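Undergrad: This is the structure I have questions about; it appears just below.
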Amino acid sequence: GDSVTQMEGPVTLSEEAFLTINCTYTATGYPSLFWYVQYPGEGLQLLLKATKADDKGSNKGFEATYRKETTSFHLEKGSVQVSDSAVYFCALRGSARQLTFGSGTQLTVLP
Amino acid sequence: GAGVSQTPSNKVTEKGKYVELRCDPISGHTALYWYRQSLGQGPEFLIYFQGTGAADDSGLPNDRFFAVRPEGSVSTLKIQRTERGDSAVYLCASSVDRNSPLHFGNGTRLTVT
């Protein structure tokens, strides 16, 4: 079945540091890929998505590129802020149409 | 506009009791999903409704879990004979259709003592 493996946390960075959170997936066919974010006390929010190979999703300075050859969708941001502190989830949506999530990565950004 | 609303936000119950969790999706959204999130884990799929019918209930862990959506809007997740292992945050999400992005509610935190 479909599965998502993401980099375990927690990750602690200083403000303005470069962020990478790794995500790889296993799926049949051509899934859509997503990053969701969960800020403290809030519900899951869609951060960005990519629906086909080589697509780049981007939002709020975050980027991720759908790499079919490496079955990866790594999340990157060039300069993190304290307000980016949250839990980040990689997810895929295959033919069954429900989302399959990774286990989440807790990010803490220190001022 | 209003997002996905889940009630109650917190529920504490004793082992063996019956509980109902409610989800009010975004108006006009035909697809509705239930997920369960245990501490330190990602959400796990439980059941998906398209309209009034359960299109995929393959994630329900056993027959103690049941969900309904009788009028194609509000949904109720029902858990019978609760066990301590059922303690988790239960998330509901809705989308315009089966191909559109999911919008999540804030969840119901269920604690079984």
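Chains as they are written, first to last, in this note's numbering: chain R, 1 to 111; chain H, 1001 to 1113.
For every residue, glycine included, the Cβ atom is placed at its ideal position computed from N, Cα and C.
This one's a predicted model, so the numbers in the text were calculated from it and none came from an experiment.
1) Candidates H:R1069, H:D1097, H:P1101 and H:T1113: which alpha carbon is nearest R1000 (chain H)'s?
2) Please state the DSSP three-state secondary structure of G1085 (chain H).
3) Using the beta-carbon count (16 or more within 10 Å), is S113 (chain R) buried or exposed?
4) Could you work out which residues of chain H lie near G78 (chain R), taking near to mean beta carbons separated by less than 7 Å?
5) Could you pull the start and end residues of the beta strand (DSSP E) that Y1035 (chain H) belongs to?
6) Taking the alpha carbon of Y39 (chain R) as the point to measure from, which residue in H:F1104, H:V1112 and H:T1113 has its own alpha carbon closest?
7) Establish whether the CB of Y1018 (chain H) and some CB of chain R are separated by less than 8 Å.
8) Sort H:L1039, H:A1067 and H:H1029 by Cα distance to I1079 (chain H) and report the nearest one.
9) Is it the case that the Cβ atoms of I21 (chain R) and Q45 (chain R) are separated by a distance below 8 Å?
10) Between the stretch 1022-1038 of chain H and chain R, which residues of the former have a C-beta closer than 9 Å to a C-beta of the latter?
11) Go ahead and pull the three-state DSSP assignment for S3 (chain R).
TA: With the structure as the only source:
1) For chain H, the structure presents residues 1001 to 1113; residue 1000 (chain H) sits outside this window and is missing.
2) helix
3) Because chain R spans 1 through 111 in this model, residue 113 (chain R) falls outside it and cannot be assessed.
4) Simply none; closest approach about 25 Å.
5) A1031 to Q1037
6) H:F1104
7) no
8) H:A1067
9) no
10) A1031, Y1033, Y1035 and Q1037
11) strand
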